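>
Numbering (our numbering), first residue to last: 1016 to 1221.
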């Protein structure tokens, strides 16, 4: 058995668990669209395009969003994702030359198509998933669409064996999402389950 390179839970024979693999695929799909949205946020909404002045020379009153400008100029997301594509290709096909820059969308699409091999044969996939997650959070913060924060719900109260052992793992979920323990797999469905979960929470120590 192998621990997931991102969440450190059991990933079976892979280097990334199924849940984090699905999340990585979704982020690779969304990154290009988020990057394309940046240009719409170059000028804060309080300013019109008629007020535009050249960045860096306009002084502190420039209406241009400097953080968005830096991202567009540096193409940080594109550079990072391309570096991962280069490294994966070098590992899988060591005799091939490095792929030329082809744009964020093409690199994300290529990595997504190779996820089956990557999660099975590429140990650094945890770092890849971690960087892509950070890029998504950064781009979402720039376009005003932050990643939802997980809500902590307490600890799992499921009994895991005949001796009455309580799981006790921390439970959390995305807003409005399902509640399932990542440790024992117990699913809390419906209002009754959630009320029982709340009722059986351990009393905090005085």
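All residues carry an ideal CB built from backbone N, CA and C; glycine is no exception. Just so you know, these numbers come straight off a predicted model, no measurement behind them.
Give the straight-line distance between the Cα atoms of residue 1053 and residue 1090, rounded to the nearest whole angstrom.
When rounded, the distance between both Cα atoms is 11 Å.
> Can you have a look at residue 1049 and say buried or exposed, based on whether 16 or more other CB atoms are within 10 angstroms of its CB?
buried
> Going by C-alpha distance, which of 1168, 1154, 1194 is nearest residue 1216?
Of the listed residues, the one whose Cα sits closest to residue 1216 is 1168.
> Give the straight-line distance between the Cα atoms of residue 1153 and residue 1046, rounded to the nearest whole angstrom.
10 Å
> Output the boundary residues of the beta strand (DSSP E) element that contains residue 1166.
Segment 1166-1170, the beta strand (DSSP E) holding residue 1166.
> Applying the 10 Å Cβ sphere with the 16-neighbour rule, what's the burial state of residue 1035?
buried
> Taking 7 Å as the limit between beta carbons, can you name the residues of its chain near residue 1165, skipping five residues before and five after?
1187, 1188, 1189
> What residue does the beta strand (DSSP E) around residue 1156 start on, and which one ends it?
Per DSSP, residue 1156 belongs to no beta strand (DSSP E); it is in the alpha helix (DSSP H), 1140-1157.
> Does the count of Cβ pairs from the stretch 1110-1122 and the stretch 1018-1035 closer than 8 Å reach three?
Not touching, per the Cβ criterion.
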